[in-house]
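Just below is one structure, and these are the notes that go with it.
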Amino acid sequence: MKRKPKKATGRPAAAEKTPFPALHQLLFLLSVGLILPLLYTRDTVEPVLMPRFLALSLAMMLMLGIYCFRPRPDYGVLRRMIFAAMLLYFTGSALSLSVALNLGEGLVDLLKLPLGMILCFVTVQLLLEDERFLAYLSATVSTLVLILSLIGLAQYFGLAFKEIPGNF
Numbered sequence: 775m776k777r778k779p780k781k782a783t784g785r786p787a788a789a790e791k792t793p794f795p796a797l798h799q800l801l802f803l804l805s806v807g808l809i810l811p812l813l814y815t816r817d818t819v820e821p822v823l824m825p826r827f828l829a830l831s832l833a834m835m836l837m838l839g840i841y842c843f844r845p846r847p848d849y850g851v852l853r854r855m856i857f858a859a860m861l862l863y864f865t866g867s868a869l870s871l872s873v874a875l876n877l878g879e880g881l882v883d884l885l886k887l888p889l890g891m892i893l894c895f896v897t898v899q900l901l902l903e904d905e906r907f908l909a910y911l912s913a914t915v916s917t918l919v920l921i922l923s924l925i926g927l928a929q930y931f932g933l934a935f936k937e938i939p940g941n942f
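Numbering-wise (the numbering used here), the sequence shown opens with residue 775 and increments by one.
Dropping the structure here:
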């Protein structure tokens with residue numbers, strides 16, 4: 775009895791996936807979903823924004839490192855239209871720096887765009903690798919919303935978290 779060949783699903787085969795897909799997903803969900811939104815420091819002029827971008831860039835560098843050491847990385851996802859639109863937006867932003875009044879702030883904003891592109895790339899890769907990742911991501915966002923709501927209520931009633939920036 776002959777077996778029928780399996781149809782291609784457009785998803786990577788099990789051998790082509792990340793060596794530790796659960797670790798990859800857990801790292802993403804913890805860093806981007808739970809730690810980054812709650813991160814702040816009082817040691818800098820901007821207590822929230824720059825520490826979060828630094829942590830996000832470190833997390834994305836680690837995630838890309840994990841992704842690049844796969845047996846055969848699939849860069850075909852970069853052909854999707856969202857990445858072309860992001861590249862076009864980055865090009866327009868870079869060209870608009872020629873008329874910027876404050877070049878330093880413009881460069882900082884320009885450097886945030888590739889970080890967003892990398893975040894989008896990693897997210898799309900994780901969503902394509904495992905169908906359950908969307909459910910995990912939704913659960914992480916729901917947990918974060920609950921935590922932030924409790925922090926907001928505690929700040930509103932003056933019970934706790936008075937030192938967190940944004941508590942006016």
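Think of the CB as a built atom: it goes at the ideal place given N, C-alpha and C, for glycine as much as any other residue.
Check, Outcome
"Spatial neighbours of residue 860 within its chain, please: C-beta separation below 6 Å, excluding the five flanking residues on both sides.", "891"
"Please identify the residue among 881, 835 and 816 whose C-alpha is closest to the C-alpha of residue 865.", "881"
"To the nearest angstrom, how far is the alpha carbon of residue 883 from that of residue 827?", "11 Å"
"How big is the Cα-Cα spacing for residue 849 and residue 863?", "20 Å"
"Assign residue 909 to buried or exposed, taking buried as 16 or more other Cβ atoms, counted over all protein chains shown, within 10 Å of its Cβ.", "exposed"
"Taking 8 Å as the threshold (C-beta atoms), are residue 810 and residue 836 in contact?", "no"
"If I measure Cβ to Cβ from residue 782 and keep anything under 6 Å in the same chain, skipping five residues before and after, which residues do I get?", "Reliability of the predicted coordinates at residue 782 is poor, the pLDDT of 48 falling under 50, and the value obtained from them is presented with this limitation in mind. Cβ neighbours of residue 782 beyond the five flanking positions: none."
"Does the region 921 to 939 come into contact with the region 838 to 847, if we say contact requires no fewer than three beta-carbon pairs (one atom in each stretch) closer than 8 Å?", "no"
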